[in-house]
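Undergrad: Could you have a look at this structure, given as structure tokens, before my questions?
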Amino acid sequence: MSNIAIKASNIGKLYQIGGSTVRYQTLRDNLASLLRLRASSKESETSDGMDNSIWAVRDVSFDVYRGEVVGLIGRNGAGKSTLLKMLARITEPTKGRAEIFGRVGCLLEVGTGFHQELTGRENIFFNGSVLGLKYNEIKRKFDEIVDFAGVEQFLDTPVKRYSSGMQVRLAFAVAAHLDPEILLVDEVLAVGDIAFQQKCLNRVGEIAKSGRTVIVVSHNMTSIARFCSRVFLLDRGCLKYDGDVKTGIGKYVGSTKKNSEFKNLKKELAALPQDPDFELLNVIVIQEGSPSRRFMSNKPISVTIEYRVRRQVTGLRVGFDLKRSDTGITAFRSFHDDTDTEIVATQPGHYVSETQIPAELLAEKDYFIDISVLIYNIRWVIHEQIVYPFSVIPSNRHSNLYADKKYPGTVMPLMKWNTCRAD
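When we follow this note's numbering, the leftmost residue of the sequence shown carries the number 440, and every step to the right adds one.
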């Protein structure tokens with residue numbers, strides 16, 4: 440028996456953009472559109488094709504072996520979700536092929552895999568049967584699934600009446616507990632509440648340790664470093680790196696630093712999903728009044744977050760995680776209301792929240808600021824989607840007496856010592 444769980448061979452997905460504005464099409468129209476798509480895909484194998492087409496994923500090949508946990512990383516729009524949908528056979532490739540050797544459980548966009556007219560109870564059995572499980576096998580897992588999802592009182596309600604968070608909880612519980620040999624997880628977990636996200640991450644860790652195959656899409660470099668043994672880095676639909684986790688994270692953050700000029704940050708902000716409560720308008724990181732990607736260690740770094748609150752929100756928290764680029768590990772997290780003594784309601788309006796990373800705090804390393812916005816005890820609004828990479832460079836703040844003065848650690852505060860004789 441082959442040790443390969445997933446094999447992708449020159450897989451690609453071409454989308455037509457712009458397209459026809461005709462609402463209704465005849466069979467003849469549909470056949471003509473299909474022929475045009477095939478013709479354009481053949482042309483695009485040797486060129487970029489027509490102006491109104493774009494490769495979401497292009498010429499990606501890899502083998503994933505049984506028991507591997509692979510992190511699929513890349514900037515927004517890199518093609519991660521499209522690739523995962525092709526592996527899950529939800530989306531058909533325009534070219535190439537993906538071979539799956541084992542029973543697949545997947546958690547992609549909200550509602551994927553559910554029949555909206557069926558109840559939660561019926562969908563559990565429906566999904567189990569799709570995975571090839573017998574009725575008694577599903578029944579043995581039923582209580583565990585329901586308990587994990589926390590939707591017991593809504594089991595006999597049609598899924599179409601579930602909130603997006605409830606659908607995510609049930610979908611993950613089904614995907615993770617019906618013993619799939621291969622688990623595909625997109626970053627749809629951002630829809631769920633904070634406690635449930637952590638519960639899911641712990642479950643992914645259990646699955647990884649059990650020797651099953653996992654591919655997980657995430658912007659959370661800490662989780663990637665914690666769970667994954669291998670990383671795929673996608674950029675504009677192409678597989679740019681396939682290898683060890685530490686190197687992959689470094690290349691991802693490096694490419695983010697190279698490509699995320701200030702004008703492109705605006706594009707990333709505009710590409711965020713629309714939220715009914717909150718809109719992130721701008722992020723500004725400066726030192727002594729000037730924006731930069733390289734900051735002196737002996738001077739404070741100012742961080743400004745500009746946003747709009749669309750309707751009254753209780754427990755809104757706006758801030759960031761500061762993470763190391765080489766490991767993705769969080770150095771610290773800070774929110775605008777950390778010093779508040781009570782949870783307050785934020786009224787609709789235009790806001791600016793500012794803070795400073797103190798001078799003489801950070802070690803001389805590469806970091807990135809990861810914008811975090813949440814509604815307390817309810818959900819993340821923005822998490823691990825907008826990053827601002829930068830470097831802290833030496834400022835000769837420590838003594839020059841010692842040639843070997845490379846200090847370990849994420850922070851390197853210049854501390855005052857007092858020494859006196861004790862005899």
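Glycine is no exception: its CB is placed at the ideal position from the N, C-alpha and C atoms.
Is there contact between the segment 641-658 and the segment 711-729, where contact requires at least three CB pairs shorter than 8 Å?
TA: Judged by Cβ distances under 8 Å, the segment 641-658 makes no contact with the segment 711-729, as fewer than three pairs qualify.
Undergrad: Assuming contact is defined by CB atoms lying nearer than 8 Å, are GLN824 and LEU704 in contact in what I supplied?
TA: Here residue 824 corresponds to residue number 385 of the sequence shown, with the count starting at 1. Here residue 704 corresponds to residue number 265 of the sequence shown, with the count starting at 1. No. Outside cutoff.
Undergrad: Can LEU609 and VAL624 be called in contact, C-beta distance under 8 Å?
TA: Here the question's residue 609 lines up with position 170 in the sequence shown. Here the question's residue 624 lines up with position 185 in the sequence shown. Taking 8 Å as the Cβ cut-off, LEU609 and VAL624 do not qualify as a contacting pair.
Undergrad: What are the boundary residues of the alpha helix (DSSP H) that includes GLY567?
TA: Locating residue 567 in the sequence shown gives position 128, where the first residue counts as 1. Residues 559-569.
Undergrad: Let me know if ALA425 comes out buried or exposed under the rule of 16 or more other beta-carbons within 10 Å of its beta-carbon.
TA: Since the first residue shown for the chain is 440 and the last is 862, residue 425 is missing from the structure and cannot be characterised.
Undergrad: Using the rule of at least 16 other Cβ atoms within 10 Å of the residue's Cβ for burial, across every protein chain shown, is TYR680 buried or exposed?
TA: Looking up residue 680 in the sequence shown gives position 241. The residue in question, TYR680, is buried, as its Cβ has 16 or more Cβ neighbours within 10 Å.
Undergrad: When the distance is taken between beta carbons, is LEU526 closer than 8 Å to ILE445?
TA: The count along the sequence shown starts at 1 and reaches residue 445 at position 6. The count along the sequence shown starts at 1 and reaches residue 526 at position 87. For ILE445 and LEU526, yes; Cβs fall inside 8 Å.
Undergrad: Grouping DSSP H, G and I as helix and E and B as strand, with all else coil, what is MET735?
TA: Indexing the sequence shown from 1 puts residue 735 at position 296. DSSP places MET735 in strand when its eight states are reduced to three.
Undergrad: With C-beta atoms as the reference, is ALA442 less than 8 Å away from ARG505?
TA: The residue labelled residue 442 in the question sits at position 3 within the sequence shown. The residue labelled residue 505 in the question sits at position 66 within the sequence shown. Checking the sequence shown, residue 442 turns out to be Asn, not Ala. Yes. Within cutoff.
Undergrad: Assuming MET660 and LYS762 make a contact with CB atoms under 8 Å, what is their CB distance in whole Å?
TA: To locate residue 660, count along the sequence shown from 1; it is residue 221. To locate residue 762, count along the sequence shown from 1; it is residue 323. Indeed they touch by this definition, with Cβ atoms about 7 Å apart.
Undergrad: For ASP595, which residues from the same chain have a beta carbon less than 8 Å from its beta carbon, with the 5 sequence-adjacent residues on both sides left out?
TA: Taking the sequence shown and counting its residues from 1, one reaches residue 595 at position 156. Hits under 8 Å: THR558, GLY559 and ARG560.
Undergrad: Tell me the start and end of each unbroken beta strand (DSSP E) in the segment 784-836 that is at least 3 residues and wholly inside, in chain order.
TA: Fully enclosed beta strand (DSSP E) runs of 3 or longer: 788-796, 805-814 and 818-832.
Undergrad: So, with DSSP's three-state summary, where would you put SER483?
TA: Counting from one through the sequence shown, the residue named residue 483 turns up at place 44. With a pLDDT of only 46 at SER483, under 50, the local geometry of the prediction cannot be trusted, and the value read off the model is given with reservation. Reduced to three states, the DSSP call for SER483 is helix.
Undergrad: Residues in the same chain with beta-carbon distance under 7 Å from PHE759, minus the five sequence neighbours each way, listed in chain order, please.
TA: Your numbering for residue 759 matches position 320 in the sequence shown. Result list for PHE759: VAL742, SER773, ILE808, ASP809, ILE810 and SER811, in chain order.
Undergrad: Roughly how many angstroms separate the alpha carbons of LYS702 and PRO739, rounded to a whole number?
TA: Translated into the one-based positions of the sequence shown, residue 702 becomes position 263. Translated into the one-based positions of the sequence shown, residue 739 becomes position 300. In this prediction, LYS702 scores a pLDDT of 49, lower than 50, which makes its location untrustworthy; the coordinate-derived value is nonetheless stated afterwards. About 24 Å.
Undergrad: Answer with buried or exposed for ARG600, where buried requires no fewer than 16 other C-beta atoms within 10 angstroms of its C-beta.
TA: As a position in the sequence shown, residue 600 is number 161, starting the count at 1. The residue is exposed, with fewer than 16 neighbouring Cβ atoms inside 10 Å.
Undergrad: Please state the DSSP three-state secondary structure of VAL396.
TA: The chain is shown from 440 up to 862; residue 396 falls before or after that span and cannot be answered.
Undergrad: What's the gap between the Cα of LEU719 and the Cα of ASN816?
TA: Position 280 of the sequence shown holds residue 719. Position 377 of the sequence shown holds residue 816. Taking the straight line joining both Cα atoms gives about 20 Å.
Undergrad: Along the beta strand (DSSP E) that carries TYR504, what are the first and last residues, could you check?
TA: One-based indexing of the sequence shown puts residue 504 at position 65. Start and end: 492-504.
Undergrad: Under the assumption that ILE512 contacts ILE654 (Cβ atoms under 8 Å), give the Cβ distance between them as a whole number of angstroms.
TA: Position 73 of the sequence shown, counting from 1, holds the residue named residue 512. Position 215 of the sequence shown, counting from 1, holds the residue named residue 654. Not a contact, Cβ separation roughly 11 Å.
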